[in-house]
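Here the protein sequences line up with chains Z and L, keeping their order.
Each residue of the first sequence is one higher than the one before, starting from 139 at the first, in the working numbering.
Each residue of the second sequence is one higher than the one before, starting from 3 at the first, in the working numbering.
Where a beta carbon is used, it is the ideal one built from N, C-alpha and C, also for glycine.
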Amino acid sequence: MLTTVAILVDGLVYASWLFIVAIGLTLIYGVMKILNVAHGSLYALGAYSAAWIIGIYFQSDLPPYGSFAVLILSAVVIGLIASLVIERGVLRLMYGRDEIVIVLATFAIFLILEDFVKLVWGVDPYFAYQPYGLLGRVRLFGLGFAIYDLALIGVAAVIGLLVWWGLNRTRIGKLLLAVIYDREISVAMGINVNLLFAGTFAVGAVLGALGGALTAPAISVSPGIGVEVIVLAFAVVVIGGLGSVPGVLIGALIVGICRAAAVHLLPEVELFIIYAVMSLVLALRPQGLFGRAAVRKI
Amino acid sequence: MIDRTVWGLFAALLVVLGAGFIAADWAQFLLVLALAKGMVVLGLLVLMRAGLVSFGQGLWYGLGCYAAGMAGNFLGVTDAFLLLALGIAASTTVAFILGFLLSRYREIFFALLNMAFSMILFGVLVKTSVLGSTDGFNVLTPTFLGYAPSEAALGDTVFLLTAVISFVVAVLIHWYLGSTMGFIGEAIRENELRVEYLGVSARRAVHIKLMIAAALSGIGGVLTAIAVGHVDPEMTYWTTSGEFVFVAILSGTGSVAAPFMGSIIFEVLRTYAYEYSPYTWQMLMGAVMLLVIIFLPGGLWSALSRSRKGEGK
């Protein structure tokens, strides 16, 4: 019973984290058909800037709860700046090239940003534990959980709802859906696809940075945190179906619960299980659980 | 069959051998690594000619590495040729099995499924304490058909073996790419459906190409394991696979010699970048890659052949 509760709660927390990180990735893929490897660096950028700014914030006498606002604000700022540089500076030159070539370009950007982070923040770890400790702990079914972790579930739900609302209930969302469905026709109908691309990339980048910023208080922020995140996010996105928003939700839940179950029941398979699930899903449904099968072109 | 490319490769072999035997030990070691990894990249070239890019070549490479290491430590096999055979067998067998699945996929899904499989191997290796988990383990000193070189001669022997194998492999792949089955790769890249109309199974062709790429990566893995004397799970991680793709893009797919040339340039570049700016070498590599993608879509080889054509006029 206790293990079940632990698996469910840990799995949900982990799934929320994965959801926040992966939704930006799938949004960018869905609209732009770019599998953005640099998403891992955006995560790292978000984590570093948040950890750094929280360190400064808590040295002043400002109210401690304001740190949450600072956390989110820093992610938004760094995500916007990075997205402008990446999309306008590099990716813009690649539109129309092979998907794989663009993946490689983002891989190159990833390498550059990895070292950029080291140059700016050094190689020593940063700790921004204060917001994590601020909320305290709670006992659920006889097990202790950090409220910060549980709050992550709520944040993920809010982000998910916002993205769903943005895509389905706003004018820009409708335009985006049109672009996702058929880029060429959208251009022909007078939609400014370049502007939408820049906007989507910015939103995706901010979500990636936000994922990092929200994780920063729970971990020690050190070089290399982006490397692992990106393959995890790939797994989530591929399981759910590249470019599908509900898919990310399901993918994150599957990966989250699987990993939590593995950690509690059979720690040896922890890493293995995620990619095993990903391979299984790809084998049975190549386009992912929620993906649309592509039409073969002659 | 003995055309200009084969003679060119033979000349390159002589140059590499000459350079390798004169060069300092560290440079010779670098050359061995570059050639070994060049073979993995050559495997990628075979796939890329068919329009397929794999982000999981670390899987076959790692299988070769670990097959060599394990055969030495658990079975007592130290003969380099036997290790090579085992490495090829291991990677090709797995490629044969996984190929039934992988050959159904194209584009991004092919790249990602390959990556998933390599990450599974990584996950298994990291958690297997018999194999040293994340630390890996040491590989026994190899022998060569009963000849056990002294400490001093070992480097030269491994180098000679690697260079000769690279040459043989390059010639074989050159012949393969010039054959009907080789050309079908390009046809698949251009239009798979029409290939099927012509009565060729694209899936079977891709399956075979996968096994060839796996065998090449296996050879590269075994030679790396022998040369370095150590294997660890990092060899199967996605960043290693990414590095192979990087070199493949840097080299271009213009010729079977391109991967070796690209690989040597990459290793030299990395060594110096790492030497002079340990914290920014990745940044440098990333910048080079971006420049190549933007300005040289055909890789370094295309620049070379373009300038040669210019001379001819």
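CA-to-CA distance, residue j to residue i, given in whole angstroms
i	j	result
Gly204 of chain Z	Ala354 of chain Z	16 Å
Leu123 of chain L	Lys211 of chain L	21 Å
Glu313 of chain L	Glu277 of chain L	Confidence is the limiting factor: at Glu313 of chain L the pLDDT is only 46, short of 50, which leaves the residue's position unreliable and the question unanswerable from this model.
Val383 of chain Z	Ile161 of chain Z	7 Å
Val60 of chain L	Thr238 of chain L	In the sequence as displayed, the identity of residue 60 of chain L is Gly instead of Val. One C-alpha to the other measures close to 4 Å.
Ala414 of chain Z	Val376 of chain Z	12 Å
Ile219 of chain Z	Val367 of chain Z	21 Å
Arg226 of chain Z	Met327 of chain Z	24 Å
Gly350 of chain Z	Phe279 of chain Z	30 Å
Phe23 of chain L	Ser152 of chain L	16 Å
Gly301 of chain L	Ile267 of chain L	12 Å
Lys435 of chain Z	Val197 of chain L	At Lys435 of chain Z the pLDDT is 44, less than 50, meaning the model places this residue with poor confidence; the figure from the coordinates comes in the next sentence. Straight-line Cα distance between these residues: approximately 13 Å.
Glu192 of chain L	Arg51 of chain L	10 Å
Ala294 of chain Z	Leu387 of chain Z	10 Å
Phe258 of chain Z	Asn306 of chain Z	As written in the sequence, residue 258 of chain Z is Val, which differs from the Phe given in the question. Going from the Cα of Val258 of chain Z to the Cα of Asn306 of chain Z covers about 39 Å.
Val159 of chain Z	Ile297 of chain Z	11 Å
Leu286 of chain L	Tyr274 of chain L	11 Å
Glu269 of chain L	Leu299 of chain Z	48 Å
Lys315 of chain L	Val166 of chain L	Low per-residue confidence applies at Lys315 of chain L: pLDDT is 36, beneath 50, and the placement is therefore not dependable, though the value from the model is reported in the following sentence. So the alpha carbons of these two residues sit roughly 35 Å apart.
Ser198 of chain Z	Val208 of chain Z	13 Å
Gln284 of chain L	Leu200 of chain L	46 Å
Leu33 of chain L	Leu422 of chain Z	43 Å
Phe428 of chain Z	Gly362 of chain Z	31 Å
Val151 of chain Z	Ala305 of chain L	51 Å
Val433 of chain Z	Val208 of chain L	Residue placement at Val433 of chain Z is poorly supported in this model, since its pLDDT is 49, which falls under 50; the coordinates still yield a value, given next. Their Cα atoms are separated by approximately 20 Å.
Phe246 of chain L	Ala259 of chain L	15 Å
Proximal residues of chain Z, C-beta to C-beta of residue i below 8 Å
i	result
Tyr281 of chain L	Asp253, Lys256, Leu257, Val261
Ala216 of chain L	Chain Z residues near Ala216 of chain L: none, gap ~17 Å exceeds 8 Å.
Closer than 7 Å at the beta carbon, the chain L residues around residue i
i	result
Pro269 of chain Z	The contacting residues do not exist; Pro269 of chain Z stays about 29 Å from chain L at best.
Glu237 of chain Z	Glu109, Ile110
Phe245 of chain Z	Gly244
Ser417 of chain Z	Leu115, Ala118, Phe119, Ile122
Val365 of chain Z	Thr241
Per-residue burial, residue i [other beta carbons within 10 Å of its own, 16 or more giving buried]
i	result
Phe112 of chain L	buried
Arg108 of chain L	buried
Thr164 of chain Z	buried
Ile323 of chain Z	exposed
Leu77 of chain L	exposed
Val223 of chain Z	exposed
Ala246 of chain Z	buried
Tyr63 of chain L	buried
Asp148 of chain Z	buried
Pro405 of chain Z	exposed
Trp155 of chain Z	buried
Met170 of chain Z	buried
Lys256 of chain Z	buried
9 Å Cβ cut-off: residues of chain Z touching residue i
i	result
Lys129 of chain L	Pro405, Glu406, Val407, Glu408, Leu409, Phe410
Gly288 of chain L	Phe245, Ala246, Ile247, Phe248, Leu249, Ile250, Leu251, Glu252, Asp253
Among the options, nearest to residue i - alpha-carbon criterion
i	options	result
Leu65 of chain L	L:Ala259, L:Ser243, L:Ile251	L:Ser243
Glu188 of chain L	L:Leu127, L:Val8, L:Val48, L:Leu286	L:Val48
Ala155 of chain L	L:Val126, L:Val128, L:Ala229, L:Ile175	L:Ala229
Val331 of chain Z	Z:Tyr152, Z:Pro201, Z:Tyr233	Z:Tyr233
Leu100 of chain L	L:Ala216, L:Val290, L:Tyr274	L:Ala216
Val359 of chain Z	Z:Leu150, Z:Gly328, Z:Val215, Z:Ser187	Z:Ser187
Gly222 of chain L	L:Ala289, L:Ser257, L:Phe83	L:Phe83
Leu272 of chain Z	Z:Leu281, Z:Gly260, Z:Asp287, Z:Val261	Z:Asp287
Val249 of chain L	L:Ala275, L:Val294, L:His232	L:Val294
Ala347 of chain Z	Z:Asp148, Z:Tyr167, Z:Val214	Z:Val214
Leu147 of chain L	L:Gln30, L:Ala26, L:Val79, L:Ser181	L:Val79
Val395 of chain L	L:Pro280, L:Gly264, L:Asn116, L:Ile4	What is shown of chain L runs 3 to 315, which leaves residue 395 of chain L out entirely.
Gly138 of chain L	L:Tyr68, L:Ile190, L:Trp9, L:Asp81	L:Tyr68
Thr145 of chain L	L:Leu15, L:Asp81, L:Ala227	L:Asp81
Per-residue contacts from residue i into chain Z (C-beta, under 7 Å)
i	result
Val55 of chain L	Ile238
Gln30 of chain L	Correct list: empty, because the minimum Cβ distance to chain Z is about 28 Å.
Val247 of chain L	Leu242
Gln59 of chain L	The contacting residues do not exist; Gln59 of chain L stays about 14 Å from chain Z at best.
Contacts of residue i in chain L (Cβ-Cβ under 8 Å)
i	result
Phe372 of chain Z	Leu114, Met117
Ala399 of chain Z	Result: empty, since nearest Cβ-Cβ is about 15 Å, beyond 8 Å.
Neighbour list for residue i in chain L, Cβ cutoff strictly below 9 Å
i	result
Ala414 of chain Z	Ala118, Ile122, Gly125
Ala220 of chain Z	Chain L residues near Ala220 of chain Z: none, gap ~15 Å exceeds 9 Å.
beta-carbon residue i near the ligand ATP non-hydrogen atom, thresh 8 Å
i	result
Arg423 of chain Z	This structure lacks the ligand ATP, and indeed carries no ligand of any kind.
Inset, instruction - Enumerate, from N- to C-terminal direction, the unbroken alpha helix (DSSP H) stretches of 4 or more residues contained entirely within the region 366-416 of chain Z. - result: Complete alpha helix (DSSP H) runs here, min 4: 383-403.
Legend entry - Within the region 260-306 of chain Z, ranges of the alpha helix (DSSP H) (whole runs, at least 4 residues): 268-272
Inset, instruction - Quick one: which unbroken alpha helix (DSSP H) runs of 4-plus residues sit fully inside the region 169-257 of chain Z? Chain order, please. - result: 177-195, 204-221
Inset, instruction - Could you name each continuous alpha helix (DSSP H) segment of 4 residues or more that falls completely within the region 33-82 of chain L, going from the start of the chain to the end? - result: 59-77
Inset, instruction - Write down every uninterrupted run of the alpha helix (DSSP H) in the region 183-210 of chain L whose length is 4 residues or greater and which is fully enclosed by it, in chain order. - result: As far as the region 183-210 of chain L is concerned, its whole alpha helix (DSSP H) runs of at least 4 residues are 194-199.
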